[in-house]
Amino acid sequence: MDPAHVIIRIRGLSKRFGDIQAVDGLNLDVYAGDVYGFLGPNGSGKSTTIRMMLSLVRPDSGTIELFGLPLRGSRRAILERTGALIEKPDLYDYLTAFKNLEILSAYAGDKVISRRIMEVLAVTGLEKRAHSRVKTFSKGMKQRLGIAQALVGDPELLILDEPTAGLDPQGVKDIRDLIATLNHDMHKTVLISSHQLHEIEQVANRMIIIDKGHAVVEGEVKELLKDRDQNLESYFLNLT
Amino acid sequence: MGRITRIELYKVFTRKRSYIGFAAILIIVLITLGAIAWEGKDVFDFLTQNLTQSFYLQGNLVNGYMESYLVLNFLWVHIPLLIVIVTGDLLSGEANAGTLRVVLTRPVSRVRLVTAKFNAGMIYSFTLVIFLAVISIGSGILLLGRGDLIVLMDTLNIFPSHDVLWRFLMAYLFGLLSMTTIASLSLLLSAMSNNSLGPILSTMAVIIVFTLISSLDIRVFDLIKPYLFTSYLDTWQMFFSFNIDRAEVIKNGAVLLGHTGLFYGLTVFCFSRKDILT
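Line order of the protein sequences matches chains A and B. Going by my numbering, the letters in the first sequence line up with residues 1 to 240, in that order. Going by my numbering, the letters in the second sequence line up with residues 241 to 518, in that order.
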């Protein structure tokens, strides 16, 4: 892959919380157009890595570049081109879906365009509930609204941390289909984290498995799955 | 900055808990008014029975100004509590709810966000104090009328009716400054916490402990009193004496402003370095 098309480049990233080494010298590259699976058991360092990519958590060492820009010093420029859903979609549940998106757009300094908000609500299947308070939403609807808030700034890169956690099978399928649409039809690069291998298998073209904060396997999903002799699933299950 | 401040204000004023303070003030003012209307004359006669041996008291002394002064005394103790219910929750409440994480994935700097929340906290505090002023003075004058104001501090001060209103105005203006300091302290504690209750309780604990130290006449405390912001919160009372020490008022105001600036600076420092883990 042409290095010019690297969207995320991480080198030697580390973070420690007290006695726990959450991330330990992690390297990864995500290319333009990828749906990149970020796989690992619970507590493997996925969320901490994602939070560091979004400058929610300060790394102890290592470098993070997005769109060829260093995160330190280019945070605003990077976040203008990035949408994210980190774990649960925690939104202002006393406000409507529309108002939530309006507020989050305004934080970004975007000129709030009602048409754009309705577009992302339509993409996520929530346009009929645009003016309902979020506290009346089901878990699946909240998850879709979380993705809608990530999309509202029309980002090139979507970072989704466990977007199907806690959803019923239909909810999982809806999110999976939505990710496919965003990648194929809207040409978004997607990084999706999960602790379930089969979920990543179905949506990602490239993936990394991390454990105890460092990479254990990385590559094309097809290649890794072809090599079933190595038994990726058993390997992953051993980790989990 | 104006846009983010407006968003923060919108969030503050769409939450029900933000109206607890207004409701509490309304209830306290109404109770005080009712009590004065029913028994104010008897209580006033009882309190001034020693004075009547030396003075001849004439006119409407149980009036709206007296009620406003009483409310002012009651509420400077309680207004900080009403303010920190909202300002102590500005950052920690969002951290607890997880919305801070969502907001900070947007391209807004942490300094701008803290400053907008600081502005919103100040505007909320101002609104609450102005509401108190308007309700207590307005309803007092409307229901009990105007008259001279008797204030017993170190000496007995009797202010003629036409000399009272500006004193209330100045007292409330100084009160705004005091509440600014309290709001900024609660915002600092809010930046350090991830739950709503902690900063509210800790701010109140700081105010209670510092006020206790400020008011106790113990020599060892005299060394630290000048450094405690609570030593300056009651400066508003100076406006109810005939000889106002302007230099002292300005100095005390500057100390409170300095504390507000310090708390704001520390909030920015702490919040900019905080890992968002909720």
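Note that CB positions come from ideal geometry on N, CA and C, so glycine has one too.
Residue i - partner residues in DSSP beta bridges
{"i": "S193/A", "result": "F38/A, D161/A"}
{"i": "D211/A", "result": "H214/A"}
{"i": "F17/A", "result": "I20/A"}
{"i": "D168/A", "result": "Bridge partners of D168/A: none, in fact."}
{"i": "Y472/B", "result": "Answer is none; Y472/B lacks a bridge partner."}
{"i": "F399/B", "result": "L389/B"}
{"i": "R9/A", "result": "D29/A, E65/A"}
{"i": "E119/A", "result": "Note: E119/A sits in no beta bridge, so no partner."}
{"i": "G219/A", "result": "M207/A"}
{"i": "R133/A", "result": "T96/A"}
Neighbour-count burial assignment, residue i, 16 or more Cβ in a 10 Å radius
{"i": "T507/B", "result": "buried"}
{"i": "D394/B", "result": "exposed"}
{"i": "A445/B", "result": "exposed"}
{"i": "E248/B", "result": "buried"}
{"i": "H131/A", "result": "exposed"}
{"i": "A431/B", "result": "buried"}
{"i": "L392/B", "result": "exposed"}
{"i": "I464/B", "result": "exposed"}
{"i": "G73/A", "result": "exposed"}
{"i": "M478/B", "result": "buried"}
{"i": "Q143/A", "result": "buried"}
{"i": "Q149/A", "result": "buried"}
{"i": "M53/A", "result": "buried"}
{"i": "S433/B", "result": "buried"}
{"i": "H519/B", "result": "Since the first and last residues shown for chain B are 241 and 518, residue 519/B lies out of range."}
{"i": "T181/A", "result": "exposed"}
{"i": "T475/B", "result": "buried"}
{"i": "F467/B", "result": "Sequence check: residue 467/B is Tyr here, not Phe. That one is exposed."}
{"i": "N313/B", "result": "exposed"}
{"i": "N42/A", "result": "exposed"}
{"i": "L157/A", "result": "buried"}
{"i": "Y472/B", "result": "buried"}
{"i": "M207/A", "result": "buried"}
Within chain A, the residues that residue i reaches when beta carbons sit closer than 7 Å
{"i": "I260/B", "result": "Those do not exist, as I260/B stays about 15 Å from chain A at its closest Cβ, beyond 7 Å."}
Under 7 Å by beta carbon: chain B residues contacting residue i
{"i": "D161/A", "result": "The contacting residues do not exist; D161/A stays about 10 Å from chain B at best."}
{"i": "L126/A", "result": "Simply none; closest approach about 16 Å."}
{"i": "I20/A", "result": "In chain order: nothing, as chain B lies at least about 12 Å away."}
{"i": "A165/A", "result": "Within chain B, no residue comes near A165/A; the closest Cβ sits about 13 Å away, beyond 7 Å."}
Neighbouring residues, chain A, relative to residue i (Cβ below 8 Å)
{"i": "K251/B", "result": "Y92, I103"}
{"i": "R257/B", "result": "Residues of chain A passing the Cβ test: none, with the nearest at roughly 11 Å."}
{"i": "T254/B", "result": "Y94, L95"}
{"i": "I185/B", "result": "Coverage of chain B is limited to positions 241 through 518, which leaves residue 185/B absent and any answer about it impossible."}
Residue i Cβ short of 7 Å to the ligand FAD heavy atom set
{"i": "H499/B", "result": "Absence of the ligand FAD is noted for the structure shown, with no ligands found whatsoever."}
Cross-chain neighbours of residue i in chain B, by beta carbon under 8 Å
{"i": "G109/A", "result": "R243, P347, V348"}
{"i": "E201/A", "result": "The premise fails here: E201/A is roughly 27 Å from chain B at the closest Cβ pair, so nothing lies under 8 Å."}
{"i": "K88/A", "result": "G338"}
{"i": "L54/A", "result": "L344, T345"}
Proximal chain C residues relative to residue i, where beta-carbon distance stays under 8 Å
{"i": "V57/A", "result": "Note that chain C does not occur in the displayed structure, where the protein chains are A and B."}
Contact set between residue i and chain B, taken where Cβ atoms lie within less than 9 Å
{"i": "R51/A", "result": "R341, D515, I516, L517"}
May I ask you to list, following chain order, the residues of the segment 326-352 of chain B that have a beta carbon less than 8 Å from some beta carbon of chain A?
A337, G338, T339, R341, V342, V343, L344, T345, R346, P347, V348, S349
Could you name each continuous beta strand (DSSP E) segment of 3 residues or more that falls completely within the segment 55-87 of chain A, going from the start of the chain to the end?
Residue ranges of uninterrupted beta strand (DSSP E) with 3 or more members, entirely inside the segment 55-87 of chain A and ordered along the chain, are 61-66, 82-85.
Please list the residues of the segment 61-86 of chain A that have a C-beta atom closer than 7 Å to any C-beta atom in chain B, keeping them in chain order.
Residues of the segment 61-86 of chain A with a Cβ closer than 7 Å to any Cβ of chain B, in chain order: R76, L79, E80, A84, I86.
Residues from the segment 139-156 of chain A in contact with chain B, defined by Cβ distance under 9 Å:
G146, Q149, A150, G153
Return the residues of the segment 176-203 of chain A that lie within a Cβ-Cβ distance of less than 9 Å from chain B, sorted by chain order.
none
Unbroken alpha helix (DSSP H) runs of length 4 or more, entirely within the segment 343-393 of chain B: which are they?
350-384
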